[in-house]
Amino acid sequence: MLTCALCASVWTIFAEGLLLSLTITHVLNPPSPAGDRVVAVHYNFLLYGETTAYVVPGGVGFGEYYAAFGCDDGVDPVARDDYALAWHGNQPELLVTGTAADPVWRID
């Protein structure tokens, strides 16, 4: 029983480490007039990717969840500059696009 629990713990640590190693973080431009920033965190596993965007008030500290996007073939659309970011006061408007071969869709 101890052996099974040990194997499960080792597997969990390995899987979490693998997931974290596949995570890429981007700070998107432009910032808001007040200095707020949008941070996009992308991770992929096999043929699926997901980009989650957070708004960081003042550009420093913890971000507030904004939106999530699914990405075909694990492609990172932000790294490919397939996004447009505009600000309306302190409210971001983020459009993440893909291509016909690598579509992107909003999850929420």
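For the sequence shown, our numbering assigns the number 13 to the initial residue and increments by one for each residue that follows. The beta-carbon is built from N, C-alpha and C at its ideal position, and this holds for glycine as well.
The Cβ-Cβ distance between Tyr55 and Ile36 falls below 9 Å. Straight-line spacing of the CA atoms in Ser44 and Gln103 works out to 8 Å.
Look at Gly101 here: in three-state DSSP terms it is coil, with no helix or strand label.
The shortest CA-to-CA distance from Gly86 to any of Leu106, His38 and Glu62 is the one to Glu62.
Contact annotation: Leu107 and Leu40 have beta-carbon atoms that are not nearer than 9 Å.
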